[in-house]
Amino acid sequence: MSEETSAEATSRPAAPQGDDTGNSAALLSVAHIRELAEGLGIRPTKQWGQNFVIDPNTIRRIVGLAELDGTEHVLEVGPGLGSLTLGLLDEAAQVSAVEIDPALARQLPETVQVMRPEAGGRLTVLHRDALRLAEADLGEPEVLVANLPYNVAVPVVLHLLQTLPSLRKGLVMVQEEVADRLAAEPGSKIYGVPSVKAAWDTHTRKVGVVGKKVFWPEPRISSGLVRFDRRPPASAEVSREAVFAVIDAAFAQRRKTLRAALSTLAGSPALAETALRSAGVDPAARGETLGIAQYTAIAAALPERVIGGL
1 MSEETSAEAT SRPAAPQGDD TGNSAALLSV AHIRELAEGL GIRPTKQWGQ NFVIDPNTIR
61 RIVGLAELDG TEHVLEVGPG LGSLTLGLLD EAAQVSAVEI DPALARQLPE TVQVMRPEAG
121 GRLTVLHRDA LRLAEADLGE PEVLVANLPY NVAVPVVLHL LQTLPSLRKG LVMVQEEVAD
181 RLAAEPGSKI YGVPSVKAAW DTHTRKVGVV GKKVFWPEPR ISSGLVRFDR RPPASAEVSR
241 EAVFAVIDAA FAQRRKTLRA ALSTLAGSPA LAETALRSAG VDPAARGETL GIAQYTAIAA
301 ALPERVIGGL
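First residue of the sequence shown? That's 1 in full-length UniProt numbering, and the numbers climb one at a time after it.
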C-alpha cells in the first residue's frame with residue numbers, strides 16, 4: 001500500500017462478506033461508519049464540512065455517474081472514513097485520496113486494508129489541504145470524484161482544474177445550491193462567478209440530487225451531483241487570470257452596469273466603455289447576462305497595461 005501518513009491507524013472495521021443487495025464487494029454501512037468514528041473519537045466538524053455518506057447505494061450511484069473504465073487514476077478530495085474510496089477502488093486503476101483531517105488520513109489505509117486488501121497497493125493517501133495541492137503532489141490524475149464541503153467546493157474545483165491539466169473529467173457532490181450555481185446559464189438568477197469560471201475550460205452540468213438522510217450527520221439541505229468534462233480553454237491568447245479578473249469585477253456589484261463595474265479595472269468609465277464596445281458588448285449590460293466568450297473578448301479588449309499586469 002502506498003500512503004503518505006506515518007502514524008498507526010487506531011480502528012479496524014469488520015470485513016463483511018458482501019451486502020444485502022447481492023454485491024460481492026461490500027461498502028461501509030451505517031454500523032461501520034459509527035464504529036469507525038467511535039473508535040477514532042471522531043466528531044464531525046463544521047470547520048471541515050464533514051458529512052459522511054452512510055448509504056452504499058449512493059456511493060454506487062456516484063461512481064456510476066463518474067463513468068470510470070478501470071484504467072484511470074482518480075483523485076478523491078475529502079475521503080473521510082472511506083465510503084467513496086472503497087467504491088472508487090472497485091472501478092479505478094489508482095486512487096489518490098487527499099484528506100485534511102489527520103486522524104482520518106491515518107485511518108483510511110487501514111480501512112482499505114481490511115475491506116479491500118487486494119486494492120491497498122492502488123491507494124495513495126495524502127494528508128494535505130486540497131487548496132494547497134501542486135501538480136507534483138499527485139502525478140497525473142485524470143478524474144476527480146469527491147464529496148466536497150460547501151464552503152470550499154468552488155475554490156477546490158477551480159484550483160484543481162488550474163493545477164492539474166491532466167484532469168479530463170469529474171463528478172463532485174456539493175451542496176445543492178452550489179451545484180445549481182456551477183451549472184447555471186447566463187441570464188439565470190443564480191448565474192454568477194462560479195458559473196462563468198467553471199465554463200472557462202469545462203462543460204459543467206448538474207446530473208442529480210442526493211437527499212439529506214444518506215449523510216451522518218444529516219445536513220440541513222440536499223446535495224447536488226455535478227459532472228464536468230474538460231474542453232479547451234475559452235482563449236489561447238488571453239490568460240485565465242485576465243479573464244477571471246474581469247469576471248470578478250463584473251460581479252462585485254451585480255446591480256451596476258458593466259461600464260461602471262469595470263471602470264476601476266480598466267482605469268476609467270470611458271476606457272471600460274471603449275473596451276466593452278470593442279468586444280461587442282453593450283456597456284449598459286450587466287454581468288449576469290454574459291457568457292465566457294464575451295468575458296474573454298472584454299479581457300482581450302482592455303488596455304495592454306491592464307492585461308499585462310494580471
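Using N, Cα and C, we set each Cβ at its ideal position, and we do this for glycine too. These figures come from a predicted structure and were not determined experimentally.
Could you give the residue range of the beta strand (DSSP E) that holds E99?
-> For the purposes of this step, residue 99 is taken as the residue at position 99 of the sequence shown. Its beta strand (DSSP E) spans residues Q94 to E99.
Give me the Cα-Cα distance between A285 and E241, rounded to the nearest whole angstrom.
-> Working through the sequence shown from its first residue, we reach residue 285 at position 285. Working through the sequence shown from its first residue, we reach residue 241 at position 241. Their backbone Cα atoms lie some 22 Å apart in a straight line.
Measure the C-alpha to C-alpha separation of P16 and R116 and round it to an integer number of angstroms.
-> Residue 16 sits at position 16 when you count from the first residue of the sequence shown. Residue 116 sits at position 116 when you count from the first residue of the sequence shown. Confidence at P16 is low in this model, with a pLDDT of 44, below 50, so the placement of that residue should be treated as unreliable; the coordinate-derived value is given next. Rounded to whole angstroms, P16 to R116 spans 11 Å at the Cα level.
In the DSSP assignment, find the unbroken beta strand (DSSP E) run with V172 in it and report its ends.
-> Sequence index remark: in the sequence shown, residue 172 carries index 172 (1-based). Run containing V172: K169 to Q175, per the beta strand (DSSP E) assignment.
Give the secondary structure of R254 by DSSP, where H, G and I count as helix, E and B as strand, and everything else as coil.
-> As a position in the sequence shown, residue 254 is number 254, starting the count at 1. Here R254 sits in coil by DSSP.
Of the choices Q94, V172 and K189, whose alpha-carbon is the least far from that of E118?
-> Looking up residue 118 in the sequence shown gives position 118. Of the listed residues, the one whose Cα sits closest to E118 is Q94.
In three-state terms, what does DSSP make of D137?
-> Start at 1 with the first residue of the sequence shown, and residue 137 comes out as number 137. D137 falls in the helix class under three-state DSSP.
With burial defined as no fewer than 16 other Cβ atoms inside 10 Å of the residue's Cβ, what is the status of N51: buried or exposed?
-> As a first step, residue 51 must be located in the sequence shown, where it is residue number 51. Classification for N51: buried.
Buried/exposed call for N23, threshold 16 Cβ in 10 Å = Within the sequence shown, the letter at position 23 stands for residue 23. With a pLDDT of only 45 at N23, under 50, the local geometry of the prediction cannot be trusted, and the value read off the model is given with reservation. The residue is exposed, with fewer than 16 neighbouring Cβ atoms inside 10 Å.
Cut-off 8 Å between Cβ atoms - residues of its own chain near G187, not counting five sequence neighbours on either side | Here residue 187 refers to the residue found at position 187 when the sequence shown is read from its first residue. The answer, listed in chain order, is E288 and T289.
CA-CA distance, S6 and A37?
-> By 1-based counting over the sequence shown, the position of residue 6 is 6. By 1-based counting over the sequence shown, the position of residue 37 is 37. Low confidence applies to S6: its pLDDT is 38, below 50, so where it sits in the model is not reliable, and the reading given next is rough at best. Their Cα atoms are separated by approximately 20 Å.
Skipping 5 residues on each side, what residues in its chain have a beta carbon closer than 6 Å to that of G82?
-> Stepping through the sequence shown from its first residue, residue 82 is reached at position 82. Here the set comprises L108 and T111.
Would you give the residue range spanned by the alpha helix (DSSP H) that R205 belongs to?
-> By 1-based counting over the sequence shown, the position of residue 205 is 205. Run containing R205: none in the alpha helix (DSSP H); it sits in the beta strand (DSSP E), T202 to V210.
With burial defined as no fewer than 16 other Cβ atoms inside 10 Å of the residue's Cβ, what is the status of Q175: buried or exposed?
-> Locating residue 175 in the sequence shown gives position 175, counting from the first residue. Buried, since its Cβ has 16 or more Cβ neighbours within 10 Å.
In its own chain, which residues sit with a C-beta less than 6 Å from the C-beta of A179, not counting the 5 before and 5 after it?
-> Against the sequence shown, residue 179 aligns to sequence position 179. Only K206, G224 and V226 meet the Cβ criterion.
Quick one: what does DSSP say D229 is sitting in, helix, strand or coil?
-> Locating residue 229 in the sequence shown gives position 229, counting from the first residue. Looking at D229 - three-state DSSP - the assignment turns out to be strand.
Anticipated Cβ contact below 8 Å, F228 with G192, distance rounded | Position 228 of the sequence shown holds residue 228. Position 192 of the sequence shown holds residue 192. Not a contact, Cβ separation roughly 17 Å.
Return the residue from the list G39, K189 and V157 that minimises the CA-CA distance to W200.
-> Within the sequence shown, numbered from 1, the residue matching residue 200 stands at position 200. Checked all of G39, K189 and V157; the closest Cα to W200 is V157.
What residue from A261, K212 and I42 has the CA that sits closest to A103's CA?
-> Numbered from 1 along the sequence shown, position 103 holds the residue referred to as residue 103. Minimum Cα distance to A103 is reached at I42.
Does the Cβ of Q253 have 16 or more other Cβ atoms within 10 Å, making it buried, or fewer, making it exposed?
-> By 1-based counting over the sequence shown, the position of residue 253 is 253. Q253 comes out exposed.
Helix, strand or coil: how does DSSP classify L182 here?
-> For the purposes of this step, residue 182 is taken as residue 182 along the sequence shown, with counting starting at 1. Correct three-state label for L182: helix.
Rounded to a whole number of angstroms, what is the C-alpha to C-alpha distance between Q162 and A261?
-> What you label residue 162 is simply residue 162 of the sequence shown in a count that begins at 1. What you label residue 261 is simply residue 261 of the sequence shown in a count that begins at 1. For Q162 and A261, the distance between alpha carbons rounds to 26 Å.
May I have the straight-line CA-CA distance separating I298 from S278, to the nearest angstrom?
-> In the sequence shown, the residue the question calls residue 298 occupies position 298. In the sequence shown, the residue the question calls residue 278 occupies position 278. Straight-line Cα distance between these residues: approximately 8 Å.
Pull up the CB-CB distance for P283 and L258, whole angstroms please, since I reckon it's below 8 Å.
-> To locate residue 283, count along the sequence shown from 1; it is residue 283. To locate residue 258, count along the sequence shown from 1; it is residue 258. Their Cβ separation, rounded to whole angstroms, is 6 Å, which keeps P283 and L258 in contact under 8 Å.
Which residue or residues does DSSP assign as beta-bridge partners of G287?
-> The residue you call residue 287 lines up with position 287 of the sequence shown. Looking at the DSSP assignment, G287 forms no beta bridge with any residue, so it has no partner.
Residues of its chain near L75, where Cβ-Cβ distance is below 6 Å and the 5 sequence neighbours each way are ignored = Residue numbering aside, residue 75 sits at position 75 when the sequence shown is read from its first letter. Excluding positions up to five away in sequence, the list reads S96, P141 and L144.
Under 8 Å Cβ to Cβ from T21, same chain only, skipping five residues before and after it: list those, please.
-> Within the sequence shown, residue 21 is the residue found at index 21, counting from 1. Unreliable positioning characterises T21 in this predicted model, as indicated by a pLDDT of 41, which lies under 50. The coordinate reading is nonetheless provided below. Only P56 and N57 meet the Cβ criterion.
Leaving out five residues on either side along the sequence, give the residues of the same chain with a beta carbon under 6 Å from the beta carbon of A198.
-> The residue you call residue 198 lines up with position 198 of the sequence shown. So the qualifying residues of the chain are L182 and T204.
Would you say T202 faces chain D, with C-beta separation under 8 Å as the test?
-> Looking for chain D here will not work: only one protein chain is present.
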